[in-house]
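S.K.: In the order they appear, the protein sequences are chains G and X.
Take the first sequence: its letter number 138 is residue 138 in this note's numbering, and every next letter is one higher.
Every number in this note's numbering is 357 more than the matching position in the second sequence, counting from 1.
Glycine included, every Cβ here is placed at the ideal spot set by N, Cα and C.
Here's a structure for you.
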Amino acid sequence: MKTKKLTLLFLIIIGAFIISACTGQPLTNNYPGLTADAERAYISTGSFIYAVDVQNGRQVWSYPESAGNEFLYFANPVLTEDGQLLIGSAGTNHAFISLDPTTGNEKWAEPFSGAKGAWVASPLVFNDTIYAPNTDGYLYVLDLNGNQVSPPIEIGGALWSAPVTDGTYIYLNSLDHHFHILNPSTNQLADPIDLGGAAPGSPTVGNDGVYAGSFSSDVKFIAPNGRNDVIASASDWIWGAPAFDNETLYYADLSGNIFSLDLKTNRQNWDTLKPDGPVTASLLVVGDQIYVATEAGSFIALDRDGKIIWEKTPGGKIYTTPVLSNDLILVAPYQADFALAAYDADGKQAWTFTPNK
Amino acid sequence: MWELIIVQPLTNLLLWIYDSLGHGPHMFGLAIILFTVLIKLVTWPLNASQVKGAQAMQELQNDKEWQDIQKKYAKDREKLAQEQMRIYREKGINPFASCLPTLIQFPIIIGLYQSIIRALSVTPLDMLKLARTVYPFQNVENIIPLNSTFLWMDLGRPESIQILGFGLPTLAVIVALTTWMQTKLTMPASTNPNDQTAQMTRMMSIYMPLMLGWFSLTFASGISVYFIISNILGIVQYAATGRANWRNLIPGASKQTSPAKK
Numbered sequence: 001m002k003t004k005k006l007t008l009l010f011l012i013i014i015g016a017f018i019i020s021a022c023t024g025q026p027l028t029n030n031y032p033g034l035t036a037d038a039e040r041a042y043i044s045t046g047s048f049i050y051a052v053d054v055q056n057g058r059q060v061w062s063y064p065e066s067a068g069n070e071f072l073y074f075a076n077p078v079l080t081e082d083g084q085l086l087i088g089s090a091g092t093n094h095a096f097i098s099l100d101p102t103t104g105n106e107k108w109a110e111p112f113s114g115a116k117g118a119w120v121a122s123p124l125v126f127n128d129t130i131y132a133p134n135t136d137g138y139l140y141v142l143d144l145n146g147n148q149v150s151p152p153i154e155i156g157g158a159l160w161s162a163p164v165t166d167g168t169y170i171y172l173n174s175l176d177h178h179f180h181i182l183n184p185s186t187n188q189l190a191d192p193i194d195l196g197g198a199a200p201g202s203p204t205v206g207n208d209g210v211y212a213g214s215f216s217s218d219v220k221f222i223a224p225n226g227r228n229d230v231i232a233s234a235s236d237w238i239w240g241a242p243a244f245d246n247e248t249l250y251y252a253d254l255s256g257n258i259f260s261l262d263l264k265t266n267r268q269n270w271d272t273l274k275p276d277g278p279v280t281a282s283l284l285v286v287g288d289q290i291y292v293a294t295e296a297g298s299f300i301a302l303d304r305d306g307k308i309i310w311e312k313t314p315g316g317k318i319y320t321t322p323v324l325s326n327d328l329i330l331v332a333p334y335q336a337d338f339a340l341a342a343y344d345a346d347g348k349q350a351w352t353f354t355p356n357k
Numbered sequence: 358m359w360e361l362i363i364v365q366p367l368t369n370l371l372l373w374i375y376d377s378l379g380h381g382p383h384m385f386g387l388a389i390i391l392f393t394v395l396i397k398l399v400t401w402p403l404n405a406s407q408v409k410g411a412q413a414m415q416e417l418q419n420d421k422e423w424q425d426i427q428k429k430y431a432k433d434r435e436k437l438a439q440e441q442m443r444i445y446r447e448k449g450i451n452p453f454a455s456c457l458p459t460l461i462q463f464p465i466i467i468g469l470y471q472s473i474i475r476a477l478s479v480t481p482l483d484m485l486k487l488a489r490t491v492y493p494f495q496n497v498e499n500i501i502p503l504n505s506t507f508l509w510m511d512l513g514r515p516e517s518i519q520i521l522g523f524g525l526p527t528l529a530v531i532v533a534l535t536t537w538m539q540t541k542l543t544m545p546a547s548t549n550p551n552d553q554t555a556q557m558t559r560m561m562s563i564y565m566p567l568m569l570g571w572f573s574l575t576f577a578s579g580i581s582v583y584f585i586i587s588n589i590l591g592i593v594q595y596a597a598t599g600r601a602n603w604r605n606l607i608p609g610a611s612k613q614t615s616p617a618k619k
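This is the structure in structure tokens:
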């Protein structure tokens with residue numbers, strides 16, 4: 001009977017193990033966040049944030065010293081003019097921290113810990129004030145030392161994307177299907193504007209208003225006074241922020257379609273362009289080239305007519321919006337052999353970065 | 358394959374129920390409850406056969422011929438196994454009939470957990486997976502993101518109630534309690550000191566509540582809601598057969614009916 005007891009116990013432990021294994025990944029897992037200045041790229045890949053020298057792809061520093069599920073970083077870190085690197089944790093601890101971009105040392109005496117939810121979105125720094133959207137549905141308003149300067153502003157719905165500003169108002173999308181306009185001088189919100197679906201990506205500031213895509217598959221133009229119109233549509237959910245470039249708006253959808261909208265005529269500049277997979281990253285316009293990153297792992301340079309100039313497959317899947325640093329385009333693939341790759345305008349790979357072990 | 362056969366249908370079923378309920382606050386919890394009822398209805402015949410199989414196995418333990426071969430071939434395991442199989446055949450008993458529903462529950466539990474996490478989409482990556490999971494006829498852009506609030510809980514996270522600064526895992530306790538009740542109620546009354554079925558059930562009544570309680574402590578509370586409703590329905594189903602052994606819930610009372618422990 002003792003053998004039977006042991007067998008049963010063993011089977012139950014195996015069962016527990018199988019269930020644990022099948023349920024798979026940790027509670028929070030996501031693709032990396034990325035930002036860069038002229039000297040360094042900063043990449044957040046879960047437990048660690050890395051600073052990488054953009055000249056040679058070498059690691060400058062990493063934060064923190066050891067890994068743990070308590071602190072996980074996935075948002076795009078944000079650089080401030082006074083020399084801070086801001087990012088919030090999406091782990092079980094919802095700390096919002098400030099690092100020294102040159103050393104990786106913590107800058108604030110205490111992290112801001114007033115939010116109830118995880119930090120998926122990057123903050124906006126405007127007029128020496130940090131506007132930090134959280135998944136708990138609140139926009140936290142902090143000074144540059146991490147102190148709350150006003151009560152959090154209830155937006156509603158989880159906030160996954162960074163706010164943007166036209167210099168007067170602050171605009172932000174929410175998963176609650178609405179677009180919100182905040183007057184930063186009074187912290188008053190205008191009436192929310194229905195987007196028809198959740199909006200996980202940021203809006204984009206244009207010449208005289210803002211463009212916002214959503215899961216409704218529509219792109220809306222919204223004027224600062226709240227007047228809004230659907231100006232274009234996609235075939236599927238729109239994830240990344242549209243890219244505005246003079247008279248053209250570039251955007252993509254989860255079916256993998258790339259669109260180029262002539263804002264003067266409200267007509268598409270090309271018929272169909274569908275490279276090879278869903279696009280969540282925003283398109284990046286640099287000079288005469290438009291850079292597209294797809295979930296299938298392709299990194300593509302287009303000309304303004306939609307013609308593919310070159311196409312690279314760095315490995316892994318690409319969900320993160322590429323960024324420009326000097327004359328290099330930085331790409332952060334997910335589940336690849338390296339965390340970051342740099343390409344020049346001709347598609348030549350300058351370096352790759354793999355974190356030091 | 359797992360994704361196609363288990364996770365995708367379960368996620369779509371959950372989303373469909375949630376959408377049909379009006380997708381407001383608390384509705385995802387209600388959707389999980391209705392989903393559990395549906396699963397129980399679908400597996401009702403299987404559970405009934407489990408009850409029947411367990412009962413047959415129980416009666417067999419008290420069968421004279423069965424007891425005789427246990428003694429006769431105590432030292433010859435191979436012969437004992439052959440004789441046992443012969444008696445199974447003669448009496449039309451399937452020794453695995455009582456295990457099958459439990460085995461079927463496992464992929465449902467795993468699939469449900471993955472479906473809950475997928476449907477609630479707490480990260481952008483989860484949301485992308487959800488976008489690929491939904492069937493074309495589902496109008497999910499209207500219901501995403503799901504409202505994960507149910508009563509005092511966030512169904513996407515493990516549950517606890519803060520009392521005097523301590524997080525009390527009430528759902529885990531209820532899961533362990535209802536699991537214990539279910540296994541105790543279905544525990545057979547035996548007069549045979551060598552009744553292996555009763556001894557196994559007694560061990561199950563210790564290990565199963567601990568295991569499911571641990572799951573509830575660790576995983577999203579949506580899965581705990583499934584466990585609780587599933588346990589309650591299991592108790593109701595067993596009670597409906599008139600075989601529920603309510604005396605087993607009283608500490609000490611079970612010893613009177615299970616001398617095997619002496």
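Helix, strand or coil for residue 394 of chain X? Go by DSSP, reduced to three states.
M.R.: Within the second sequence, the letter at position 37 stands for residue 394 of chain X. Of the three classes helix, strand and coil, the one that applies to residue 394 of chain X here is helix, per DSSP.
S.K.: Can you pull the chain X neighbours of residue 179 of chain G, defined as C-beta to C-beta under 9 Å?
M.R.: Residue numbering aside, residue 179 of chain G sits at position 179 when the first sequence is read from its first letter. Chain X residues near residue 179 of chain G: none, gap ~15 Å exceeds 9 Å.
S.K.: For the segment 375-386 of chain X against the segment 73-90 of chain G, are there 3 or more C-beta pairs whose distance is under 8 Å?
M.R.: no
S.K.: Under 8 Å by Cβ, that's how I've got residue 52 of chain G and residue 328 of chain G pegged, so tell me the actual separation to the nearest angstrom.
M.R.: If you number the first sequence from 1, residue 52 of chain G lands on position 52. If you number the first sequence from 1, residue 328 of chain G lands on position 328. Not a contact, Cβ separation roughly 11 Å.
S.K.: Hey, quick one: how far does the beta strand (DSSP E) through residue 331 of chain G stretch, first residue to last?
M.R.: The residue given as residue 331 of chain G occupies position 331 in the first sequence. First-last of the beta strand (DSSP E) with residue 331 of chain G: 328-331.
S.K.: Quick check on residue 78 of chain G: buried or exposed, where buried means 16 or more other Cβ atoms within 10 Å of its Cβ?
M.R.: Along the first sequence, one-based indexing puts residue 78 of chain G at 78. Classification of residue 78 of chain G: buried, given that the 10 Å Cβ count is 16 or more.
S.K.: Which of the three DSSP states, helix, strand or coil, is assigned to residue 29 of chain G?
M.R.: Taking the first sequence and counting its residues from 1, the one referred to as residue 29 of chain G is at position 29. Note: residue 29 of chain G maps to coil in three-state DSSP.
S.K.: DSSP beta-bridge partners for residue 518 of chain X?
M.R.: One-based indexing of the second sequence puts residue 518 of chain X at position 161. Paired residue(s): X:525.
S.K.: List the whole-angstrom C-beta distance separating residue 214 of chain G from residue 238 of chain G, where the pair is believed to meet the contact cut-off of C-beta under 8 Å.
M.R.: Residue 214 of chain G sits at position 214 when you count from the first residue of the first sequence. Residue 238 of chain G sits at position 238 when you count from the first residue of the first sequence. Indeed they touch by this definition, with Cβ atoms about 6 Å apart.
S.K.: Please state whether DSSP places residue 143 of chain G in a helix, a strand or coil.
M.R.: In the first sequence, the residue the question calls residue 143 of chain G occupies position 143. Looking at residue 143 of chain G - three-state DSSP - the assignment turns out to be strand.
S.K.: I'd like the span of the alpha helix (DSSP H) that includes residue 579 of chain X, first residue to last.
M.R.: Locating residue 579 of chain X in the second sequence gives position 222, where the first residue counts as 1. Run containing residue 579 of chain X: 578-597, per the alpha helix (DSSP H) assignment.
S.K.: At a Cβ threshold of 7 Å, is residue 197 of chain G touching chain X?
M.R.: For the purposes of this step, residue 197 of chain G is identified with residue 197 of the first sequence, where counting begins at 1. Closer than 7 Å: yes.
S.K.: DSSP three-state label for residue 22 of chain G, please.
M.R.: The residue you call residue 22 of chain G lines up with position 22 of the first sequence. Because the pLDDT at residue 22 of chain G is just 45, under 50, the model does not fix this residue reliably, and the value given afterwards should be weighed accordingly. In this structure, residue 22 of chain G counts as helix in the three-state DSSP scheme.
S.K.: Take residue 191 of chain G as the anchor and find which of G:179, G:164, G:199 has the nearest alpha-carbon.
M.R.: As a position in the first sequence, residue 191 of chain G is number 191, starting the count at 1. Among G:179, G:164, G:199, the Cα nearest to that of residue 191 of chain G belongs to G:179.
S.K.: Using the three-state DSSP reduction, which class does residue 377 of chain X fall into: helix, strand or coil?
M.R.: Here residue 377 of chain X is taken as the residue at index 20 of the second sequence, counted from 1. Correct three-state label for residue 377 of chain X: helix.
S.K.: So is residue 389 of chain X in contact with chain G if we call contact Cβ pairs under 7 Å?
M.R.: Your numbering for residue 389 of chain X matches position 32 in the second sequence. For residue 389 of chain X, the answer is no, since every Cβ of chain G falls outside 7 Å of its Cβ.
S.K.: Counting only beta-carbon separations shorter than 7 Å, does residue 96 of chain G have a partner in chain X?
M.R.: As a first step, residue 96 of chain G is located in the first sequence; it is residue number 96 there, counting from the start. So no, residue 96 of chain G is outside the interface.
S.K.: Identify which residue in G:30, G:40, G:156 has its Cα closest to the Cα of residue 323 of chain G.
M.R.: Walking along the first sequence from the start, residue 323 of chain G turns up at place 323. Of the candidates G:30, G:40, G:156, the one whose C-alpha sits nearest the C-alpha of residue 323 of chain G is G:40.
S.K.: So if I threshold CB-CB distances at 8 Å, which residues from the segment 244-270 of chain G count as touching chain X?
M.R.: 254
S.K.: Would residue 189 of chain G count as contacting chain X if we go by Cβ distances under 7 Å?
M.R.: Taking the first residue of the first sequence as 1, we reach residue 189 of chain G at position 189. By the rule that beta-carbons nearer than 7 Å mark a contact, residue 189 of chain G does not touch chain X.
S.K.: Specify the secondary structure class of residue 510 of chain X as computed by DSSP and reduced to three states.
M.R.: Position 153 of the second sequence, counting from 1, holds the residue named residue 510 of chain X. Of the three classes helix, strand and coil, the one that applies to residue 510 of chain X here is strand, per DSSP.
S.K.: Measure the C-alpha to C-alpha separation of residue 243 of chain G and residue 283 of chain G and round it to an integer number of angstroms.
M.R.: Here residue 243 of chain G corresponds to residue number 243 of the first sequence, with the count starting at 1. Here residue 283 of chain G corresponds to residue number 283 of the first sequence, with the count starting at 1. Whole-angstrom Cα-Cα distance: 6 Å.
S.K.: When the distance is taken between beta carbons, is residue 228 of chain G closer than 7 Å to residue 193 of chain G?
M.R.: Locating residue 193 of chain G in the first sequence gives position 193, counting from the first residue. Locating residue 228 of chain G in the first sequence gives position 228, counting from the first residue. In this structure, residue 193 of chain G lies near residue 228 of chain G, with their beta-carbon atoms less than 7 Å apart.
S.K.: Compare the beta carbon distance of residue 120 of chain G and residue 90 of chain G with 7 Å and say whether it is the shorter of the two.
M.R.: Counting from one through the first sequence, the residue named residue 120 of chain G turns up at place 120. Counting from one through the first sequence, the residue named residue 90 of chain G turns up at place 90. Result yes, Cβ atoms of residue 120 of chain G and residue 90 of chain G sit closer than 7 Å.
S.K.: Expressed to the nearest angstrom, what Euclidean distance is found between the alpha-carbon atoms of residue 462 of chain X and residue 408 of chain X?
M.R.: Numbered from its first residue, the second sequence carries residue 462 of chain X at position 105. Numbered from its first residue, the second sequence carries residue 408 of chain X at position 51. Distance between the alpha carbons of residue 462 of chain X and residue 408 of chain X: 15 Å.
S.K.: Quick one: what's got a C-beta closer than 7 Å to residue 514 of chain X's C-beta in the same chain, skipping five residues either side?
M.R.: As a position in the second sequence, residue 514 of chain X is number 157, starting the count at 1. Hits under 7 Å: 577, 578.
S.K.: Give the straight-line distance between the Cα atoms of residue 452 of chain X and residue 422 of chain X, rounded to the nearest whole angstrom.
M.R.: By 1-based counting over the second sequence, the position of residue 452 of chain X is 95. By 1-based counting over the second sequence, the position of residue 422 of chain X is 65. Approximately 17 Å between the Cα atoms of the pair.
S.K.: Reducing DSSP to helix, strand and coil, say where residue 213 of chain G ends up.
M.R.: For this step, residue 213 of chain G is matched to residue 213 along the first sequence. Of the three classes helix, strand and coil, the one that applies to residue 213 of chain G here is strand, per DSSP.
S.K.: Below 8 Å, how does it come out for the segment 566-576 of chain X and the segment 503-517 of chain X: are there three or more Cβ pairs, yes or no?
M.R.: yes
S.K.: Could you give the residue range of the beta strand (DSSP E) that holds residue 404 of chain X?
M.R.: Walking along the second sequence from the start, residue 404 of chain X turns up at place 47. It is not in any beta strand (DSSP E) - residue 404 of chain X instead sits in the alpha helix (DSSP H) that spans 401-418.
S.K.: Tell me, please, whether the CB atom of residue 175 of chain G is closer than 7 Å to any CB atom in chain X?
M.R.: For this step, residue 175 of chain G is matched to residue 175 along the first sequence. Cβ-Cβ to chain X under 7 Å: yes for residue 175 of chain G.
S.K.: Once DSSP output is grouped into helix, strand and coil, what is the label at residue 435 of chain G?
M.R.: The question about residue 435 of chain G has no answer here: the residues shown for chain G are numbered 1 through 357.
S.K.: Taking the C-alpha atoms as reference points, what is the distance between residue 561 of chain X and residue 540 of chain X?
M.R.: Stepping through the second sequence from its first residue, residue 561 of chain X is reached at position 204. Stepping through the second sequence from its first residue, residue 540 of chain X is reached at position 183. Taking the straight line from one Cα to the other gives about 7 Å.
S.K.: Report the neighbours of residue 351 of chain G on chain X: residues whose CB is nearer than 9 Å to its CB, in chain order.
M.R.: Numbered from 1 along the first sequence, position 351 holds the residue referred to as residue 351 of chain G. Under the 9 Å cutoff, chain X gives no residues; its nearest Cβ is about 26 Å from residue 351 of chain G.
S.K.: What residue range does the alpha helix (DSSP H) around residue 481 of chain X cover?
M.R.: The residue labelled residue 481 of chain X in the question sits at position 124 within the second sequence. Per DSSP, residue 481 of chain X is one residue of the alpha helix (DSSP H) stretching across 481-490.
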